[in-house]
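Sequential numbering from 3 applies to the sequence shown in the working numbering. For each residue, glycine too, the CB sits at the ideal point set by N, CA and C. Here the structure is laid out as structure tokens; the discussion comes afterwards.
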Amino acid sequence: EGGGQRVRGCPLGLPGAMSSSGLAKVPPLSLWQRRQGMHQQQQQLQRQQQQLAISVEETNKPRCEVTPGSTTSTAFDSEADSLSDAGSQQLTDMGYELGDIVGSGSGSVVYRAKRRSDGQAVAAKRICSQEEELRRLAHTEYNVMKSLVHSSILSVFALCDFTSELWLCMEWCGDGSVESWVQRRGPFPELRAQALTAQLVGGLDFMHQKRIVHRDLKPANLLLQQGACRLKIGDFNSSKRIGNEEGQSVMLTDRGTHLYSAPELLFSQQWNERVDIWACGLCTYFMLKAALPFDMGSRAVRRTLQMGKLPDSCSWSQMSSDIRDFIQQCLTVDM
Numbered sequence: 003e004g005g006g007q008r009v010r011g012c013p014l015g016l017p018g019a020m021s022s023s024g025l026a027k028v029p030p031l032s033l034w035q036r037r038q039g040m041h042q043q044q045q046q047l048q049r050q051q052q053q054l055a056i057s058v059e060e061t062n063k064p065r066c067e068v069t070p071g072s073t074t075s076t077a078f079d080s081e082a083d084s085l086s087d088a089g090s091q092q093l094t095d096m097g098y099e100l101g102d103i104v105g106s107g108s109g110s111v112v113y114r115a116k117r118r119s120d121g122q123a124v125a126a127k128r129i130c131s132q133e134e135e136l137r138r139l140a141h142t143e144y145n146v147m148k149s150l151v152h153s154s155i156l157s158v159f160a161l162c163d164f165t166s167e168l169w170l171c172m173e174w175c176g177d178g179s180v181e182s183w184v185q186r187r188g189p190f191p192e193l194r195a196q197a198l199t200a201q202l203v204g205g206l207d208f209m210h211q212k213r214i215v216h217r218d219l220k221p222a223n224l225l226l227q228q229g230a231c232r233l234k235i236g237d238f239n240s241s242k243r244i245g246n247e248e249g250q251s252v253m254l255t256d257r258g259t260h261l262y263s264a265p266e267l268l269f270s271q272q273w274n275e276r277v278d279i280w281a282c283g284l285c286t287y288f289m290l291k292a293a294l295p296f297d298m299g300s301r302a303v304r305r306t307l308q309m310g311k312l313p314d315s316c317s318w319s320q321m322s323s324d325i326r327d328f329i330q331q332c333l334t335v336d337m
């Protein structure tokens with residue numbers, strides 16, 4: 003980088019194997035530059051994707067698309083509620099037993115469910131709308147997720163499209179989200195945050211090699227398993243597949259959560275995969291501090307970012323130099 007200036011998206015040293023002395027270095031990964039070659043493991047994953055891929059066909063009758071798979075069985079944070087007989091019957095027809103409500107979002111409700119064929123626990127997302135845009139987003143989310151077979155990305159098993167609603171059946175994450183975990187238990191110890199960040203970076207690198215940008219990375223969309231030792235990237239409603247040509251890799255449409263939006267989004271600049279890197283840095287900071295380093299809604303903060311600097315409110319106390327440098331590199335202001 004010219005003049006020694008740091009550029010977000012340059013190869014980052016990532017958290018890897020842990021030792022008593024702190025962070026063990028691993029070969030750096032590029033999060034936003036597409037690699038020319040694929041590692042053998044990634045080639046195997048591509049072959050798996052081709053085997054699992056099922057085309058989405060537009061028909062006027064109810065249809066169900068299934069992506070086979072297995073996953074770790076646990077439970078989301080529960081918010082029990084009664085279920086409608088109609089919704090339960092539709093899931094039964096799909097081969098699932100519907101359970102309690104475990105969460106809700108804009109236009110959707112997530113239930114605990116069980117796959118009858120093997121007893122596997124799954125999350126069943128019910129999208130209760132006849133709006134064409136919401137239905138289109140559900141199909142987009144399904145197609146993106148089924149194309150991303152990676153240990154740090156949430157697996158998807160089926161999409162069923164009924165007249166009045168859609169059901170998306172996905173991998174079950176029993177420890178809730180990073181956001182809910184930190185809200186209940188406080189910040190993660192640094193070694194745990196490093197390990198989770200390494201998984202997050204691995205998932206992002208895999209996505210970006212396939213020219214897919216998440217666009218809405220935040221602690222609420224990072225799901226946890228195995229006692230919060232395993233991280234999965236979820237909620238691909240805002241994701242976008244971009245072109246292979248360099249000139250096509252720029253996007254101008256703003257989607258996602260503004261608190262985690264990169265400066266180039268906030269100031270209507272051209273942006274690409276690097277917006278996920280900025281959000282990754284903020285998510286790691288949140289894991290360690292249970293708060294964001296600055297308020298993106300503040301005019302003073304925005305003025306500071308426009309000058310290419312980070313606000314003074316960032317607190318780097320009680321962080322190792324490795325994790326601090328990683329976060330600062332993610333939060334490089336590319337203006």
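Query	Result
For Ala327, name the three-state secondary structure that DSSP assigns.	The question names Ala, but residue 327 in the sequence shown is Asp. Three-state result, Asp327: helix.
Helix or strand or just coil, what does DSSP make of Ala230?	coil
Have a look at Cys414 and Lys220 and give me their C-alpha separation to the nearest angstrom.	Nothing about residue 414 can be reported from this structure: the residues present for the chain run from 3 to 337 only.
Hey, is the region 207-221 in contact with the region 179-194, meaning 3+ C-beta pairs nearer than 8 Å?	yes
Quick check on the DSSP output: the alpha helix (DSSP H) that includes Asp207 runs from which residue to which?	192-211
Are Ala115 and Tyr98 close, meaning C-beta to C-beta below 7 Å?	yes
Determine the contact status of Leu333 and Pro265, defining contact as a CB-CB distance below 7 Å.	no
Nearest to Leu225 by alpha carbon, out of His216, Lys127, Ile235?	Ile235
Rounded to whole angstroms, what's the CA-CA distance from Met289 to Leu202? Just pull it up for me.	12 Å
Put Phe159 into one of helix, strand or coil per three-state DSSP.	strand
Closer than 6 Å: is that where the CB of Ile103 sits relative to any heavy atom of the ligand MN?	This structure lacks the ligand MN; in fact it carries no ligand of any kind.
Am I right that Val277 and Arg213 are in contact with their C-beta atoms under 8 Å? What's the rounded C-beta distance?	In fact, because the Cβ distance is near 14 Å, the residues do not count as touching under 8 Å.
Check whether the region 125-133 touches the region 101-115, counting contact only when three or more Cβ pairs, one atom from each stretch, lie closer than 8 Å.	yes
Between the Cα of Pro191 and the Cα atoms of Ile155, Met321, Val335, Cys162, which residue gives the shortest distance?	Met321
According to DSSP, is Ile279 part of a helix, a strand, or is it coil?	helix
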